[in-house]
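First to last, the sequence lines map onto chains X and P.
Take 1 as the starting number for the first sequence in full-length UniProt numbering and just add one per residue.
Take 1 as the starting number for the second sequence in full-length UniProt numbering and just add one per residue.
There are 2 protein chains.
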Amino acid sequence: MQYKLLSGIKSPVDVKRLNEDQLADLAMEIREALFNRVGKIGGHFGPNLGMVELTIALHYVFDSPRDQFVFDVAHQTYPHKMLTGRAASYIDEEHFQDVCGFTDPRESEHDMFLIGHTSTSVSLASGLVKARDLAGKKGNVIAIIGDGSLSGGEALEALDFAGEMDSNFIIIVNDNEQSIAENHGGLYKNLARLRETAGGYEDNLFRAMGLDYRYVEEGNDIPMLIHALREVKDVDHPIVLHVHTQKGKGYKPAEEDRESWHYAPPFDRESGKPLYSRTGESYASLFADHMIERIRRDKSIVVVTAAVPGAVGLIPEKRNAMGENYVDVGIAEEHATAMCSGIAKNGGKPLFVTNATFAQRIYDQVHQDVSLNKSAVTFHLMSSSIYGMSDSTHVGISAIGMFSNIPGLVYLSPTNREEYMAMLDYSLDQNDHPTVIAVPGTAVKEAQYPVDRDFSKRNKFQICERGEEVAVLALGDFFDIGHETSDYIAKKLGKKVTLINPRFASGVDEELLDELVKDHDTFVTLEDGILDGGFGQKVAAYLGRKGVRVLTYGFKKKFYDRYNVQEVLEACRITPEKIWEDVIMTRR
Amino acid sequence: MQYKLLSGIKSPVDVKRLNEDQLADLAMEIREALFNRVGKIGGHFGPNLGMVELTIALHYVFDSPRDQFVFDVAHQTYPHKMLTGRAASYIDEEHFQDVCGFTDPRESEHDMFLIGHTSTSVSLASGLVKARDLAGKKGNVIAIIGDGSLSGGEALEALDFAGEMDSNFIIIVNDNEQSIAENHGGLYKNLARLRETAGGYEDNLFRAMGLDYRYVEEGNDIPMLIHALREVKDVDHPIVLHVHTQKGKGYKPAEEDRESWHYAPPFDRESGKPLYSRTGESYASLFADHMIERIRRDKSIVVVTAAVPGAVGLIPEKRNAMGENYVDVGIAEEHATAMCSGIAKNGGKPLFVTNATFAQRIYDQVHQDVSLNKSAVTFHLMSSSIYGMSDSTHVGISAIGMFSNIPGLVYLSPTNREEYMAMLDYSLDQNDHPTVIAVPGTAVKEAQYPVDRDFSKRNKFQICERGEEVAVLALGDFFDIGHETSDYIAKKLGKKVTLINPRFASGVDEELLDELVKDHDTFVTLEDGILDGGFGQKVAAYLGRKGVRVLTYGFKKKFYDRYNVQEVLEACRITPEKIWEDVIMTRR
Chain X
1 MQYKLLSGIK SPVDVKRLNE DQLADLAMEI REALFNRVGK IGGHFGPNLG MVELTIALHY
61 VFDSPRDQFV FDVAHQTYPH KMLTGRAASY IDEEHFQDVC GFTDPRESEH DMFLIGHTST
121 SVSLASGLVK ARDLAGKKGN VIAIIGDGSL SGGEALEALD FAGEMDSNFI IIVNDNEQSI
181 AENHGGLYKN LARLRETAGG YEDNLFRAMG LDYRYVEEGN DIPMLIHALR EVKDVDHPIV
241 LHVHTQKGKG YKPAEEDRES WHYAPPFDRE SGKPLYSRTG ESYASLFADH MIERIRRDKS
301 IVVVTAAVPG AVGLIPEKRN AMGENYVDVG IAEEHATAMC SGIAKNGGKP LFVTNATFAQ
361 RIYDQVHQDV SLNKSAVTFH LMSSSIYGMS DSTHVGISAI GMFSNIPGLV YLSPTNREEY
421 MAMLDYSLDQ NDHPTVIAVP GTAVKEAQYP VDRDFSKRNK FQICERGEEV AVLALGDFFD
481 IGHETSDYIA KKLGKKVTLI NPRFASGVDE ELLDELVKDH DTFVTLEDGI LDGGFGQKVA
541 AYLGRKGVRV LTYGFKKKFY DRYNVQEVLE ACRITPEKIW EDVIMTRR
Chain P
1 MQYKLLSGIK SPVDVKRLNE DQLADLAMEI REALFNRVGK IGGHFGPNLG MVELTIALHY
61 VFDSPRDQFV FDVAHQTYPH KMLTGRAASY IDEEHFQDVC GFTDPRESEH DMFLIGHTST
121 SVSLASGLVK ARDLAGKKGN VIAIIGDGSL SGGEALEALD FAGEMDSNFI IIVNDNEQSI
181 AENHGGLYKN LARLRETAGG YEDNLFRAMG LDYRYVEEGN DIPMLIHALR EVKDVDHPIV
241 LHVHTQKGKG YKPAEEDRES WHYAPPFDRE SGKPLYSRTG ESYASLFADH MIERIRRDKS
301 IVVVTAAVPG AVGLIPEKRN AMGENYVDVG IAEEHATAMC SGIAKNGGKP LFVTNATFAQ
361 RIYDQVHQDV SLNKSAVTFH LMSSSIYGMS DSTHVGISAI GMFSNIPGLV YLSPTNREEY
421 MAMLDYSLDQ NDHPTVIAVP GTAVKEAQYP VDRDFSKRNK FQICERGEEV AVLALGDFFD
481 IGHETSDYIA KKLGKKVTLI NPRFASGVDE ELLDELVKDH DTFVTLEDGI LDGGFGQKVA
541 AYLGRKGVRV LTYGFKKKFY DRYNVQEVLE ACRITPEKIW EDVIMTRR
């Protein structure tokens with residue numbers, strides 16, 4: 001039986017019963033299970049391969065859930081899930097969907113938080129410490145942070161805060177020498193010096209923050225880890241345990257190319273090749289190629305990423321082609337944003353590309369450092385769409401509500417390739433205002449109507465079809481659904497209705513709406529985002545004075561999780577048939 | 001003549017012409033001018049007193065604007081403004097209003113950014129460096145950071161990033177041993193060790209971040225500062241100059257009580273007493289006293305602040321009364337928020353109190369660390385109101401749009417004292433969801449209608465008066481204007497109209513609205529916030545299907561700056577007379 005030990009582990013208590021040889025065998029079985037699941041359905045791979053031994057040692061030494069673990073980002077918790085009653089979800093294909101890719105308290109009492117963003121573990125854990133102490137309770141609180149998360153402001157704030165605490169708090173720095181892409185920032189040089197000197201280097205970041213510190217070189221050696229963890233168990237003050245692990249441990253391709261194997265699609269173990277080839281054009285590839293071309297002609301352009309270049313199409317080959325005009329700041333979104341404002345102030349053309357969910361970190365910087373200062377920064381938002389990442393921690397459908405209401409910022413929603421390229425160029429070439437470009441979450445679409453490349457007149461909507469009675473305003477990548485809807489309604493009504501590409505999500509075309517109310521009594525808005533705070537509500541508020549009917553379509557204000565897109569669309573009535581039903585109902 | 005030298009300084013060039021004795025005299029004149037302005041109209045005082053000599057030395061050694069200064073928070077730039085052509089605004093009462101309290105590029109080419117939030121200078125300056133280098137230009141870029149800003153995530157991210165840069169970049173750490181209130185966090189212990197050892201302490205935070213480092217003890221000695229600055233001018237790599245200054249320098253009360261004199265109201269120089277006594281109850285004082293009382297009975301409550309306790313009524317006496325149940329994390333809003341989630345997870349009752357403008361830093365943490373995790377954290381937002389701080393950097397009227405659209409979060413807007421207290425207690429006593437309490441920006445008001453203390457049924461609005469035709473929904477501290485408006489309209493119409501206290505800004509009472517549309521054709525919403533993304537738009541979107549008229553009142557989506565409240569209200573038509581005009585117009 002391939003999973004002789006693992007299949008018998010129902011809780012961490014079972015780990016404690018194993019002897020040293022069995023623990024080594026367990027590590028092998030966990031790696032097999034990682035191959036089994038990730039090879040078939042994909043997932044975070046390198047981080048989990050590196051965490052196998054440390055996770056076993058943690059559960060061997062500590063007593064979860066009395067002792068509380070907080071795993072940063074939590075994409076490295078597959079081994080933890082296997083040891084806390086969820087091994088079947090890695091062994092047995094039928095149970096793959098029982099677990100998500102992150103810790104989740106709904107799955108297990110051993111998962112403290114639902115976490116998917118980086119750099120939060122030390123803060124969250126410090127709160128557990130504070131409440132534990134106030135209640136006079138005991139037990140260890142252990143934050144496990146690594147994979148580039150240390151450079152995030154929230155983590156650094158928390159380390160600084162922890163430096164003043166005075167009770168049990170263990171911070172394990174899982175140092176695998178690698179962020180998601182490269183590590184960036186001076187502190188990673190510090191970690192390297194500390195590794196080279198077995199923790200003895202004189203300028204120690206953690207000690208400088210006021211924290212006690214120990215170094216463990218053998219981060220993939222179970223007995224050594226057990227020893228080291230026993231030494232800090234029940235410590236009476238905050239301490240950092242700096243553990244040197246190997247990302248991708250146990251699979252040569254992943255050990256050698258740590259960036260590519262951070263997250264793996266389904267793959268063949270023998271060859272290391274993906275099972276399904278992804279070819280063809282995407283908005284990410286269009287973006288990368290276009291920016292390389294623009295940088296070739298204009299050295300004032302700066303493309304900025306925060307540790308996730310791969311997720312936005314900037315594979316190493318593309319980044320290298322951008323040379324000095326590409327900057328990866330590491331996990332440091334706030335810094336990236338303010339730096340972009342500084343670049344713009346000195347005549348550069350900065351563009352910050354990230355996923356919408358991670359852009360939630362920069363609300364204040366966009367508001368103050370950028371928009372208040374009228375800095376012409378382009379925010380190139382990927383996955384700001386129901387078609388994007390679908391874990392509740394990563395869904396990007398709050399983007400319109402978050403950014404479109406910031407004064408001075410122009411939020412553009414392209415509907416097709418040509419318009420997307422036009423918006424990108426427009427944004428880079430103007431000096432007046434910050435721009436968000438909400439990159440479509442769909443495949444690349446061709447323009448069905450002439451593209452107006454001028455966006456200098458704010459909030460100027462495009463009339464694609466001019467009809468009467470009903471007007472459909474379909475924003476961004478929901479334009480196609482809007483088009484189908486207007487066709488459907490026209491057919492039902494037996495007359496042409498109006499179809500509009502709003503282009504802007506940050507305001508309404510008052511002039512156009514004033515004209516349309518003359519021969520339209522029903523307005524339909526569609527947007528790929530949560531309705532609250534979004535585009536449709538602006539239209540509804542403007543038209544509220546007119547006494548016409550406005551039907552707004554978008555998503556409910558709730559946390560969507562691992563959904564089927566079509567089901568969500570149906571539930572929100574975002575289909576031509578359902579919208580027609582509503583139009584009929586409200587006109588009665 | 002009292003300002004013999006200062007009145008002759010039209011630009012930094014004039015500073016360079018002075019000899020050593022004259023520079024010392026200039027420092028005295030600048031202090032006089034600080035007394036003159038702050039004594040009469042109030043302002044940041046201690047930080048500016050401490051910066052006098054450093055500012056003179058900076059302008060003596062460097063060549064602004066070719067050399068570029070970025071002052072963090074920028075509330076310590078009064079001396080800088082005096083030396084860059086704006087001395088009259090400190091000398092001459094008639095010109096006091098010519099300048100704002102922060103750097104502002106609209107005022108001078110020597111001000112790089114409009115800045116009022118902390119911890120942004122190193123990031124902004126790093127962008128200036130990047131663009132300078134790409135353009136092949138020369139000149140020094142100097143970030144000046146201090147007053148507790150170092151502990152902010154954005155600053156720490158930027159220091160880490162700077163540790164990898166390789167061209168001229170000077171970071172001056174103005175170490176005045178004081179945040180706004182106390183300093184908090186381990187790194188301030190590190191600064192203390194560095195001061196004690198004249199920069200020789202072995203674990204050096206800045207070196208650990210990869211930065212070069214020098215220490216200057218005599219931060220209020222002009223010749224020593226000039227020497228130190230000359231040594232780093234034109235440096236070819238990033239360097240930290242750690243300068244020890246004295247907050248409040250030159251005024252004994254401010255040297256001794258650095259917290260109280262951080263920001264001073266108009267005061268008498270001789271006695272140090274404020275010119276106008278502020279007495280009486282405020283929502284801040286109600287809050288402090290109520291929390292002390294609750295903590296006395298319930299040790300699971302934790303009141304968290306981020307460096308600005310004074311601004312929210314938590315003067316030292318009140319904080320001390322809260323003991324261990326009060327935590328000031330220093331400038332570290334993100335950490336504060338996630339820590340609160342951890343406290344809630346382990347059974348505590350956390351409340352984070354800050355100003356709305358600073359809460360812009362925590363959008364992602366509220367969304368992910370708190371709301372996604374269903375942590376019952378109370379966010380007690382002060383100054384989320386047009387009646388609050390009126391500098392464009394500090395206006396809090398984006399709060400509704402920012403927070404009310406986050407899934408799972410309940411946004412409460414009290415209209416009077418009793419309701420405020422009820423909401424505070426409700427929020428602390430439930431375990432289901434995070435809550436924002438938008439504390440009224442007005443003086444404390446008494447309840448005019450019975451207060452329903454139950455907020456467990458989400459989005460349940462209160463009908464205060466039940467009439468017909470017109471319904472006025474007046475949120476939070478705009479309830480009184482709404483009340484006046486409904487009275488005015490009733491009088492004009494000659495019939496009773498409906499007045500509603502929505503209580504919740506995060507949703508609409510669909511049941512109630514469904515009922516009201518039966519005998520109302522006009523709905524008026526009022527809110528103390530920007531309309532876009534706010535409460536009224538939710539109402540308008542819901543009622544859009546009904547074909548009734550909705551008039552939404554709030555502020556325009558723009559950056560308001562040092563405004564007269566009544567003028568803003570008039571411009572936005574938020575008066576009973578103007579609203580009545582609009583009602584009449586739309587009903588024609």
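From the three backbone atoms N, C-alpha and C, an ideal C-beta is built for every residue, glycine too.
Mind checking if residue i is an interface residue toward chain X, Cβ cutoff 8 Å exclusive?
i	result
P:S285	no
P:R549	yes
P:D369	yes
P:D364	yes
P:A474	no
P:M402	yes
P:K457	no
P:P223	no
So, residue i versus residue j, is the Cβ gap smaller than 8 Å?
i	j	result
P:A143	P:A125	yes
X:Q430	X:M402	no
X:F461	X:N405	no
P:D234	P:N373	no
P:H520	P:V329	no
X:P350	X:V377	yes
P:E218	P:M224	yes
Can you check which of these residues, the options, is closest to residue i by C-alpha distance?
i	options	result
X:G408	X:L551, X:R458 and X:G396	X:R458
residue 593 of chain X	X:S383, X:T354 and X:A344	In the structure as shown, chain X begins at 1 and stops at 588. Residue 593 of chain X is therefore absent and cannot be evaluated.
P:E154	X:L49, X:A338, X:L54 and X:Y90	X:A338
X:I362	P:D104, P:S123 and P:S506	P:S123
P:V524	P:G310, P:V517 and P:T552	P:T552
P:H335	X:I315, X:F206, X:K557 and X:G127	X:G127
X:T245	X:M51, X:G347, X:G186 and X:S383	X:M51
For residue i, which residues in chain X fall below 7 Å Cβ to Cβ?
i	result
P:H335	S123, E154, E157, A158 and F161
Does the beta-carbon of residue i have 16 or more other beta-carbons within 10 angstroms, so that it is buried, or is it exposed?
i	result
residue 590 of chain X	Lying before the first or after the last residue shown, residue 590 of chain X is absent from chain X, which here runs from 1 to 588.
P:R549	buried
X:P238	buried
Please compile the residues from chain X whose C-beta is within a distance smaller than 8 Å of the C-beta of residue i.
i	result
P:C340	G127
P:T120	A338, Q365, Q368 and D369
For chain P, find out if any of its Cβ atoms is closer than 8 Å to the Cβ of residue i; answer yes or no.
i	result
X:R130	Residue 130 of chain X is actually Lys in this sequence, not Arg. Interface residue, yes.
X:L114	yes
X:S384	no
X:R294	no
X:N355	no
X:T393	yes
Chain P partners of residue i, CB-CB under 7 Å?
i	result
X:E324	L134
X:R207	D203
X:H117	D364 and Q368
For residue i, which residues in chain C fall below 7 Å Cβ to Cβ?
i	result
P:E218	Annotation note: the requested chain C is absent from the structure, which comprises protein chains X and P.
For the ligand ADP, is there a heavy atom less than 7 Å away from the beta-carbon of residue i?
i	result
P:Y449	Among the ligands in the structure shown, none appear at all, so the ligand ADP cannot be discussed.
Would you mind telling me which residues of chain P sit closer than 9 Å to residue i, beta carbon to beta carbon, in chain order?
i	result
X:V302	G127, K130, A131 and L134
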